[in-house]
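Enquirer: The structure that follows is given in the form of structure tokens.
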Ligand SMILES: [Zn+2]
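Residue numbers (this note's numbering): 409 to 701.
Right under this line is the structure:
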């Protein structure tokens, strides 16, 4: 599943390509959205909301796509060869000189723009951590809501109705950076730790918003191979603390990174350091039970 920063970049690219332009042709799948309705209208808005992508047209309609695991948006110049089979295209929007194509997205719908606010999936979204001024307090509040009290913090961070934008990579990275046991129940996590997780999540998404080579390990560390004795050679994997590093030494303590699947609705692979994130790390102090007699 793409992270919020991927969608943010997709929106940026499509905005440059589509916004202000008139649609010369458009089509969806035969059994899908009737995209022919937008032909002749102008694109007036392209934006990401969490992992949802919205393309607004000046005829009062908005194309809503959600990419889930395998979907992606491409743009091509006129006559350029597509990188995926046309049979996998679920939305095609042609403008003078080029075409934007959405492949393999399970959610493709053309909505009345005025009704967007009522859309169940969009309405349910938690605060978008990539919004210009994200409401981090509200995100912490939603994360800590009673409905999520018994879920693990590792699962809750992926719940887009609590906070929108975090995906599987950042989930592992955040918990590592803040030294939190991923298996703690949300109710057990110290309030200030929840605040730090949300703030760090927003910071990482923002820092990577314009750079497709996602990075959570600061340059200063990567630039000093040998420092701490655990920093490996530079490369894609050296840009992350824990994600994808199962069996390799923790960059902080040298213990071997572990991995398991976590989540009941949608199990996703989690990576963590058993020492930096030992059982109970990040928990609030136990309430003094029966301290007075
Ligand atoms: Zn460690």
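From the three backbone atoms N, C-alpha and C, an ideal C-beta is built for every residue, glycine too.
(1) To the nearest angstrom, report how far apart residue 707 and residue 457 are at their CA atoms.
(2) Taking residue 561 as part of the alpha helix (DSSP H), name the residues at either end of that continuous run.
(3) Taking the straight line between their C-alpha atoms, what separation do you get for residue 538 and residue 420?
(4) Quick one: is residue 478 buried, meaning 16 or more other Cβ sit within 10 Å of its Cβ, or exposed?
(5) From what residue to what residue does the alpha helix (DSSP H) around residue 449 run?
(6) If residue 415 and residue 461 are in contact, beta carbons under 8 angstroms, what's the gap, nearest whole angstrom?
(7) Within 10 Å of its beta-carbon, does residue 473 have 16 or more other beta-carbons around it, so buried, or fewer, so exposed?
(8) Can you give me the start and stop residues for the alpha helix (DSSP H) that residue 425 sits inside?
(9) Could you work out which residue in 570, 507, 566 is closest to residue 553 when comparing CA atoms only?
(10) Under a three-way DSSP split, which group does residue 672 fall into?
(11) Starting from residue 463 and walking both ways along the beta strand (DSSP E), at which residues does that stretch end?
(12) Could you tell me the boundaries of the beta strand (DSSP E) in which residue 473 lies?
(13) So residue 502 and residue 432 are supposed to be a Cβ contact under 8 angstroms. How far apart are they, rounded?
(14) For residue 432, name the three-state secondary structure that DSSP assigns.
(15) Quick one: using the 10 Å Cβ neighbour count with 16 as the cut-off for buried, is residue 681 buried or exposed?
Expert: So, to answer that:
(1) A query on residue 707 cannot be resolved here, the shown segment of the chain reaching from 409 to 701 and no further.
(2) Here the alpha helix (DSSP H) through residue 561 covers 561 to 564.
(3) In this structure, the CA atom of residue 538 is about 13 angstroms from the CA atom of residue 420.
(4) The residue is exposed, with fewer than 16 neighbouring Cβ atoms inside 10 Å.
(5) Unbroken run through residue 449: none, as it is neither H nor E.
(6) Taking a contact as a CB-CB distance under 8 angstroms, the pair residue 415 and residue 461 counts as one, their CB atoms being some 6 angstroms apart.
(7) Buried: at least 16 other Cβ atoms inside 10 Å.
(8) Start and end: 412 to 426.
(9) Closest by alpha carbon: 570.
(10) In this structure, residue 672 counts as coil in the three-state DSSP scheme.
(11) It spans 460 to 465 - the beta strand (DSSP E) in which residue 463 sits, taken as one unbroken run.
(12) Residue 473 -> beta strand (DSSP E) spans 469 to 474.
(13) Contact between residue 502 and residue 432 holds, with the beta-carbon distance rounding to 5 angstroms and staying under 8 angstroms.
(14) DSSP places residue 432 in coil when its eight states are reduced to three.
(15) It is buried - the Cβ of residue 681 has at least 16 other Cβ atoms within 10 Å.
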